[in-house]
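If you're matching positions, the sequence shown starts at 302 in my numbering and goes up one per residue.
The beta carbon of each residue, even a glycine, is placed where N, CA and C say it ideally should be.
To start, the structure itself, in structure tokens.
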Amino acid sequence: MNRRDAITAVGAVALGGAHQAFAQQPIICKFSHVVANDTPKGKGALKFKELAEKYTGGKVKVEVYPNSTLYKDKEELDALNSGSVQMLAPSTAKFRPIGLKEFEALDLPFVFDGDAGYQKVMDGPIGQSLLKSLETKGIAGLGFWDNGFHMVSANKPLLMPADFQGLKIRISGSKVADLYFRALGALPQIMAFSEVYQALQTGVVDGCENTPSNYYTQKFYEVQKDITNSQHAHLQYALIANGKFWNGLPGPIRQQMDKAVKEATDYCNSIARQENVDALKAIKASGKTTVHTLTPAQVTAWKAAFKPVYKEAEGRVGKKIVDDLLKAAGISV
Ligand code: LMR
302 MNRRDAITAV GAVALGGAHQ AFAQQPIICK FSHVVANDTP KGKGALKFKE LAEKYTGGKV
362 KVEVYPNSTL YKDKEELDAL NSGSVQMLAP STAKFRPIGL KEFEALDLPF VFDGDAGYQK
422 VMDGPIGQSL LKSLETKGIA GLGFWDNGFH MVSANKPLLM PADFQGLKIR ISGSKVADLY
482 FRALGALPQI MAFSEVYQAL QTGVVDGCEN TPSNYYTQKF YEVQKDITNS QHAHLQYALI
542 ANGKFWNGLP GPIRQQMDKA VKEATDYCNS IARQENVDAL KAIKASGKTT VHTLTPAQVT
602 AWKAAFKPVY KEAEGRVGKK IVDDLLKAAG ISV
């Protein structure tokens with residue numbers, strides 16, 4: 302063997318070794334989200350990690366980054382798009398920046414008849430067509446994760462629409478939430494989830510809306526004197542993946558990941574209700590805030606104030622999706 306052949310042979314061995322090592326490297330799937338681990342979405346993400354790693358026999362490693370540790374609200378969609386992360390579960394109120402405004406129709410006030418009404422709509426053609434629309438943006442829509450109904454809060458009781466007059470209320474991004482808070486006389490402001498606690502504490506905003514699990518784990522209840530369990534709108538997430546990543550997974554691995562998605566979705570949706578019941582109990586037990594419930598007459602007053610919102614929303618999110626949703630909800634405007 303001459304010197305050149307010897308070098309080539311050594312190189313081939315080294316390369317062979319490298320190739321073998323490479324073949325054993327797991328596929329890394331980064332899953333970023335903005336809430337605490339101890340919430341329906343946080344637990345769902347950890348369940349997905351457990352199942353995906355189990356079903357793929359460790360061929361996929363899922364790294365979960367909770368609590369905006371990797372990216373904040375809007376950044377995370379950019380990161381998914383560029384392939385810096387592979388999976389997210391943003392609230393459906395946050396899809397407008399990527400040109401999918403129809404998702405915001407799900408924020409329309411009082412359109413779901415309780416948990417069962419919500420589930421029926423999401424399992425039906427509306428949920429399916431929304432998930433499918435993600436494909437046009439290079440995103441794989443994998444399912445919806447539930448987080449129940451919103452409460453709303455400030456440092457004063459919010460019982461009648463007039464109580465909202467002039468209050469600055471943080472919203473997460475939806476133009477529909479913008480409409481319904483304006484209909485109550487409030488001044489909605491979009492702000493990233495990770496900035497809400499401080500904004501409430503320092504008075505940059507007067508109030509916010511969210512579910513009990515988010516109020517509890519982010520400690521919003523410590524800086525809001527009054528919370529109304531109004532259930533005026535619903536918070537849900539779309540579980541999504543970078544399309545190239547998801548569709549490029551080798552066949553058997555893709556099937557194992559699909560199975561993990563299905564089971565983690567069922568798991569998240571099965572715990573969401575109880576997680577929020579428990580969080581509300583803990584908030585009440587803290588003694589740091591007063592939780593109010595609306596009387597039927599107060600609910601009627603809110604619904605009357607919201608009446609114009611359905612028509613106005615058509616211009617913001619599209620007439621067809623609003624019509625479909627109102628029809629499914631049995632609401633005529
Ligand atoms: C919010 O920004 O209020 C929510 O979308 C946070 C979340 O993901 O639950």
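- Taking one beta carbon from each stretch, the stretch 549-559 and the stretch 472-481 have fewer than 3 pairs nearer than 8 Å; the two do not touch.
- The C-beta distance from G449 to L347 rounds to 19 Å, too long to fall under 8 Å, and the pair is not in contact.
- For V336, the Cβ falls inside the 8 Å cut-off from some heavy atom of the ligand LMR.
- Taking the C-beta atoms as reference points, P426 is found no nearer than 9 Å to C569.
- Annotation: R574 to A580 spans about 10 Å, alpha carbon to alpha carbon.
- Only residues of its own chain outside the window of five on either side were considered, and among them Q599, A602 have a CB closer than 7 Å to the CB of M461, listed in chain order.
- The DSSP-derived three-state label of L468 is coil.
- L401 and K438 do touch by the CB rule: their CB atoms are close to 7 Å apart, below 8 Å.
- Per the DSSP secondary-structure output, K331 pairs in a beta bridge with E364.
- Within a 10 Å sphere around the beta-carbon of V634 sit fewer than 16 other beta-carbons, which makes this residue exposed.
- Contact between S495 and S369 holds: their C-beta atoms lie close to 4 Å from each other, under 8 Å.
- Here A565 has G345, K348, F349, L352 as same chain residues with Cβ atoms under 7 Å from its own Cβ, once five neighbours each way along the sequence are excluded.
- Non-local beta-carbon contacts of Q502 in its own chain, meaning distances under 7 Å to residues more than five positions away in sequence, involve V524 in chain order.
- Look at G449 here: in three-state DSSP terms it is strand.
- The beta carbons of K331 and A493 sit no closer together than 9 Å.
- For the pair D379 and K520, the Cα-to-Cα distance works out to about 28 Å.
- Put simply, the stretch 419-433 does not touch the stretch 505-515. Fewer than three CB pairs are less than 8 Å apart.
- For T590, there is no enclosing beta strand (DSSP E), as DSSP marks it with neither H nor E.
- Secondary structure at Q537: strand, using DSSP grouped into helix, strand and coil.
- Sequence-distant partners of Y517 (beyond 5 residues in either direction) whose C-beta falls short of 7 Å from its own C-beta, in its chain, are A580, A583, I584.
- Spatial neighbours of G444 in its own chain (CB-CB distance under 7 Å, excluding positions within 5 residues in sequence) are listed in chain order as L540, V562, T566.
- Residue pairing by DSSP places S392 opposite Y538 in a beta bridge.
- At the C-beta level, P410 and F546 stay beyond 9 Å of one another.
- Q325 counts as exposed, since fewer than 16 other C-beta atoms from the protein chains shown sit within 10 angstroms of its C-beta.
- In this structure, S514 and L595 do not form a Cβ contact; the two beta carbons are roughly 20 Å apart against a cut-off of 8 Å.
- When C-alpha distances from H451 are compared across K457, A463, F482, G467, the shortest belongs to F482.
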